[in-house]
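A.B. asks: Residue numbers (my numbering): 4 to 298. To start, I am sharing the structure in question, which I have written as structure tokens.
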């Protein structure tokens, strides 16, 4: 039989095998955005851990669209993935009832979670991260500190803003509402937000950018304004994406434990796939300050 298989160059059908053993050894992963390096780095670690356990990863992007979120979840269910990892940070999104009833397969939620879904939840402590970022500026002697948020509808962005406010309050510093600029976690919006901030009077001496992509956009706006970092404007970011260390000056930022987040997500999901009913977990990982030369 083996000789005939080799002669015909026969490849077993993965679909047929999955029907027989009721598994496909695939994991679906739903991501908010494809253009943020932070997500790319998370995906790379998730794929590595999936591969180490002989699972394939199927990626699906929502691009911030709720209708697309619903459709992509249905598609992954139809592909009979063994489990789902959801990393969608829009706190206002809802999963329709007809789809939520189908979501009986094992699932891990990172970054955001709808409370009506039964799933394991893995998240980094963004309020602590926002506090650490702001306190790092305060510890350097800055008292006039602005913030560029990563969107008020994003769950973790809200927490980073709360951390910023708490650090200022603990230091008996006033929160200037003119220095709270709403943005989105991409380069262009970071640039636009920093240009808006640079028109404020009085001008702050430091800015907490709630993502490294925002910080990179802010760098360009500061440079175009003829100002220097950190002499004229200190900048601290969030995420510690790979490129942050190569900026001029290297960006001080909050390091999200991306590799550990990915590891916990995959291992928690596989534990649920292999065990019918373990207790649901909520795992919170703490970020750390990565001190460089921008503050």
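Backbone N, C-alpha and C fix where the C-beta goes; we use that ideal spot for every residue, glycine too. Please read these numbers as outputs of a predicted model, since none were measured by experiment.
When we look at the beta-carbon of residue 148 and count the other beta-carbons within 10 Å, is it buried (16 or more) or exposed?
C.D. replies: Start at 1 with the first residue of the chain shown, and residue 148 comes out as number 145. Residue 148 is buried by the Cβ-count criterion.
A.B. asks: Starting from the N-terminal side, write out each stretch of the beta strand (DSSP E) that is 3 residues or longer and does not extend beyond the region 187-216.
C.D. replies: Within the region 187-216, the complete beta strand (DSSP E) runs of at least 3 residues are 209-212.
A.B. asks: Kindly identify the DSSP beta-bridge partner or partners of residue 294.
C.D. replies: The residue you call residue 294 lines up with position 291 of the chain shown. Partner(s): none; residue 294 has no beta bridge.
A.B. asks: On the DSSP bridge assignment, give the partners of residue 301 in chain order.
C.D. replies: No statement about residue 301 is possible, as the shown extent of the chain runs from 4 to 298 and does not include it.
A.B. asks: Tell me the DSSP secondary structure of residue 64 in three-state form.
C.D. replies: Looking up residue 64 in the chain shown gives position 61. Correct three-state label for residue 64: strand.
A.B. asks: Grouping DSSP H, G and I as helix and E and B as strand, with all else coil, what is residue 137?
C.D. replies: Counted from its first residue, the chain shown places residue 137 at position 134. Reduced to three states, the DSSP call for residue 137 is helix.
A.B. asks: Within the chosen definition, does the region 256-270 reach the region 220-233 through at least 3 CB pairs nearer than 8 Å?
C.D. replies: Touching, no.
A.B. asks: Could you give the first and the last residue of the continuous beta strand (DSSP E) run that contains residue 271?
C.D. replies: Within the chain shown, residue 271 is the residue found at index 268, counting from 1. Taken as a continuous stretch (DSSP letters only), residue 271 belongs to no beta strand (DSSP E), being part of the alpha helix (DSSP H) at 261-277.
A.B. asks: Keeping to the same chain, check which residues put their C-beta closer than 6 Å to that of residue 141; ignore five residues upstream and five downstream.
C.D. replies: Within the chain shown, the letter at position 138 stands for residue 141. Excluding positions up to five away in sequence, the list reads 174.
A.B. asks: Could you check where the beta strand (DSSP E) with residue 162 kicks off and where it finishes?
C.D. replies: Counting from 1 along the chain shown, the entry for residue 162 is found at position 159. Run containing residue 162: none in the beta strand (DSSP E); it sits in the alpha helix (DSSP H), 158-173.
A.B. asks: Assuming residue 29 contacts residue 58 under a Cβ cut-off of 8 Å, what Cβ separation, rounded to an integer in Å, is found between them?
C.D. replies: The residue given as residue 29 occupies position 26 in the chain shown. The residue given as residue 58 occupies position 55 in the chain shown. At roughly 7 Å, the Cβ-Cβ gap stays under 8 Å, so residue 29 and residue 58 are in contact.
A.B. asks: Between residue 156 and residue 69, what straight-line distance do the alpha-carbon atoms span, to the nearest angstrom?
C.D. replies: Here the question's residue 156 lines up with position 153 in the chain shown. Here the question's residue 69 lines up with position 66 in the chain shown. Distance between the alpha carbons of residue 156 and residue 69: 13 Å.
A.B. asks: Can you round the beta-carbon distance between residue 298 and residue 233 to whole angstroms, since I take them to be within the 8 Å contact cut?
C.D. replies: Taking the chain shown and counting its residues from 1, the one referred to as residue 298 is at position 295. Taking the chain shown and counting its residues from 1, the one referred to as residue 233 is at position 230. The Cβ separation is near 5 Å, so the contact holds.
A.B. asks: At which residues does the beta strand (DSSP E) containing residue 151 begin and terminate?
C.D. replies: For the purposes of this step, residue 151 is taken as the residue at position 148 of the chain shown. First-last of the beta strand (DSSP E) with residue 151: 148-151.
A.B. asks: Just to confirm my understanding: we take residue 101, look at its own chain, exclude 5 residues before and 5 after, and list those with CB closer than 6 Å. What are they?
C.D. replies: Position 98 of the chain shown, counted from the first residue, corresponds to residue 101. Any reading at residue 101 must be qualified, since the residue scores a pLDDT of 48, below 50, and its modelled position is unreliable; the value itself is stated next. If we look at residue 101 and ignore the five residues flanking it on each side, it has no Cβ neighbours.
A.B. asks: Which stretch, first to last residue, makes up the alpha helix (DSSP H) that contains residue 285?
C.D. replies: Your numbering for residue 285 matches position 282 in the chain shown. That residue, residue 285, is in no alpha helix (DSSP H); its beta strand (DSSP E) goes 285-288.
A.B. asks: Alpha carbon to alpha carbon, how far is residue 48 from residue 168?
C.D. replies: Here residue 48 corresponds to residue number 45 of the chain shown, with the count starting at 1. Here residue 168 corresponds to residue number 165 of the chain shown, with the count starting at 1. Taking the straight line from one Cα to the other gives about 32 Å.
A.B. asks: For residue 270, which of 177, 73, 87, 135 has the nearest alpha-carbon?
C.D. replies: Counted from its first residue, the chain shown places residue 270 at position 267. The option with the nearest alpha carbon to residue 270 is 87.
A.B. asks: Give the single residue among 282, 197, 290 whose Cα lies nearest to the Cα of residue 332.
C.D. replies: Residue coverage of the chain in this structure runs from 4 to 298, which leaves residue 332 outside it and unanswerable.
A.B. asks: Within 10 angstroms of the Cβ of residue 127, are there 16 or more other Cβ atoms? Answer buried if so, exposed if not.
C.D. replies: Locating residue 127 in the chain shown gives position 124, counting from the first residue. It counts as buried.
A.B. asks: If you reduce the DSSP assignment to three classes, tell me which class residue 34 lands in.
C.D. replies: Position 31 of the chain shown, counted from the first residue, corresponds to residue 34. Three-state DSSP puts residue 34 in a strand.
A.B. asks: To which residues of the same chain is residue 139 closer than 8 Å at the C-beta, ignoring the five residues directly before and after it?
C.D. replies: To locate residue 139, count along the chain shown from 1; it is residue 136. Correct list, in chain order: 239, 255, 292, 294, 298.
A.B. asks: Let me know the secondary structure DSSP gives residue 218 once reduced to three states.
C.D. replies: Taking the chain shown and counting its residues from 1, one reaches residue 218 at position 215. Three-state result, residue 218: helix.
A.B. asks: Less than 7 Å between the beta carbons of residue 268 and residue 113, yes or no?
C.D. replies: In the chain shown, the residue the question calls residue 268 occupies position 265. In the chain shown, the residue the question calls residue 113 occupies position 110. Their beta carbons are under 7 Å apart, which means residue 268 touches residue 113 by this criterion.
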